[in-house]
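Accompanying notes for the structure given below.
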Ligand SMILES: Nc1ncnc2c1ncn2[C@@H]1O[C@H](COP(=O)(O)OP(=O)(O)OP(=O)(O)O)[C@@H](O)[C@H]1O
Ligand SMILES: [Mg+2]
């Protein structure tokens with residue numbers, strides 16, 4: 178059999194890692210397809226150009242190239258922020274390796290290998306949120322189970338006691354016991370949601386958002402403006418419409434409450450919530466890869482999630498509101514996980530964005546994966 182001979186440059190093109198080849202005058206000589214994808218650049222447009230004109234904020238990259246050449250050794254830079262063609266800056270780690278002109282490469286220069294850190298951080302965060310969701314559900318089940326059982330007994334005993342009490346003034350105390358037992362029962366019922374069996378069907382995500390929008394408009398009337406930024410070409414998701422409405426409503430209602438109730442929300446901008454939908458491609462949800470997904474963002478311009486709550490927002494009973502029970506987001510995440518989706522957030526004063534990713538699938542048996 179004739180051996181297959183692959184030149185060094187076409188070898189680079191077979192790599193999944195993003196690699197560019199830069200000569201000693203900092204001119205870009207080659208860019209492999211993985212780098213074209215990652216940097217969203219076309220090989221034919223950038224080859225022959227200086228890295229200073231291809232990358233904005235090129236100083237750190239230029240310094241890494243200079244160091245590797247001067248010391249004739251590989252150099253790794255773990256904190257490289259560069260922007261390409263006016264797009265937002267991206268966070269990379271890169272390794273620069275000097276090469277000499279040879280039969281493999283016809284230039285003296287450096288190979289630069291890029292790894293996107295944002296992506297690694299995002300994947301690590303998604304994994305964490307997923308594990309946290311599983312732990313939450315376990316905790317909820319155990320907690321609710323332990324509290325629910327004795328509650329019935331406590332309430333029943335208080336009722337019997339009330340009947341035996343001759344002095345009606347003492348009924349006040351038995352009433353307190355019964356009311357508090359009822360309040361805890363209701364809390365446990367929410368913790369153990371869903372109370373009804375899920376009824377999966379094809380669901381248009383915009384119908385879900387429109388229902389949420391009308392509920393919020395009725396509750397908050399003129400206090401909040403709700404913007405719609407929909408991609409109406411999106412396909413249906415397969416799921417339980419009531420659970421999806423409840424999940425989005427819990428998130429959106431938090432946004433409305435933060436905009437109208439939070440102390441220190443003296444934001445000069447008018448209170449606004451944006452409901453946005455987009456198509457997402459090649460996403461990993463619940464450790465499974467999907468070709469297509471739907472991204473729903475619920476964005477508000479409120480004060481942001483209190484720093485002391487931070488990542489714990491999804492834990493049960495974590496609340497920043499005097500009136501809150503801290504279950505809204507736990508339940509929302511629970512419902513979203515049941516749809517094999519993820520619920521994540523980014524928050525800073527003036528912009529909080531909750532993102533719900535749901536896989537697009539015809540039906541469970543025909544999951545697009
Ligand atoms: N968009 C947001 N802006 C600011 N803070 C938020 C936002 N969303 C959630 N939070 C914070 O996260 C906390 C937890 O939210 P979660 O919905 O789980 O519980 P809750 O709203 O306090 O109570 P419940 O929803 O059970 O009535 C909230 O109390 C609030 O402090
Ligand atoms: Mg809430």
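Numbering (this note's numbering), first residue to last: 178 to 546. The beta carbon of each residue, even a glycine, is placed where N, CA and C say it ideally should be. None of these values were measured; they are calculated from a predicted model.
The residues 364, 367, 368, 493 and 494, in chain order, have a CB closer than 8 Å to that of residue 504 in the same chain once the five nearest residues on each side in sequence are set aside. Shown here for residue 215: same chain residues with a beta carbon closer than 7 Å to its own, the five before and five after excluded, namely 195, 291 and 293 in chain order.
Per the DSSP secondary-structure output, residue 268 pairs in a beta bridge with 258.
Per DSSP, reduced to three states, the secondary structure at residue 329 is helical. Uninterrupted beta strand (DSSP E) stretches at least 3 residues long and entirely within the stretch 361-441 occur at 378-380, 402-406 and 414-416, given in chain order.
A direct Cα-Cα distance of roughly 39 Å separates residue 240 from residue 483.
Per DSSP, the unbroken beta strand (DSSP E) holding residue 459 starts and ends at 449-462. Cβ contact annotation for residue 499 (same chain, cutoff 7 Å, sequence separation greater than five): none. Every residue whose Cβ sits closer than 7 Å to any heavy atom of ligand 2 is listed here in chain order: 427, 430, 431, 434, 501, 505 and 506. Using a Cβ-Cβ distance cut-off of 8 Å, the stretch 226-244 and the stretch 311-327 are not in contact, since fewer than three pairs of beta carbons, one from each stretch, lie closer than that value. In this structure, ligand 1 has no non-hydrogen atom nearer than 7 Å to the beta-carbon of residue 401. Remark: the shortest separation between the CB of residue 498 and any heavy atom of ligand 1 falls under 7 Å. DSSP places residue 468 inside the beta strand (DSSP E), whose first and last residues are 465-477. Taking non-hydrogen atoms of ligand 1 into account, the C-beta of residue 422 is found less than 7 Å away from none of them.
The three-state secondary structure of residue 523, taken from DSSP, is strand. DSSP links residue 207 through a beta bridge to 198. Counting only the Cα atoms, residue 188 lies some 49 Å from residue 385. Boundaries for residue 496: no alpha helix (DSSP H) harbours it, and the DSSP string shows neither H nor E there.
When distances are taken from the beta-carbon of residue 503 to the heavy atoms of ligand 1, the shortest one is below 7 Å. Annotated as proximal: residue 402 and residue 449, with beta-carbon spacing under 8 Å. Bridge pairing for residue 246: absent [DSSP]. Across the set 253, 324 and 477, the C-alpha of 324 shows the shortest separation from the C-alpha of residue 361.
A contact between stretches requires three or more CB pairs, one per stretch, nearer than 8 Å, and the stretch 465-484 fails this requirement with the stretch 330-338. Taken from the Cβ of residue 481, at least one heavy atom of ligand 1 lies inside 7 Å.
Burial check for residue 344: the Cβ neighbour count within 10 Å stays below 16, so the residue is exposed. Residue 257 is not a Cβ neighbour of residue 274, given a cutoff of 8 Å. As DSSP reads the structure, residue 233 sits in a beta bridge with 260. Here residue 513 is not near residue 378, since their CB atoms are 8 Å or more apart. Taking every protein chain shown into account, the CB of residue 421 has 16 or more other CB atoms within 10 angstroms, so this residue is buried. For residue 276, the beta-bridge partners assigned by DSSP are 286. Boundaries of the alpha helix (DSSP H) harbouring residue 512: 505-515, taken from the DSSP string. Under the DSSP assignment, residue 533 falls in the beta strand (DSSP E) whose first and last residues are 528-536. The C-alpha of residue 536 is placed about 7 Å away from the C-alpha of residue 414. When beta bridges are read from the DSSP output, residue 299 appears opposite no residue.
In this structure, the beta-carbon distance from residue 228 to residue 199 falls below 8 Å.
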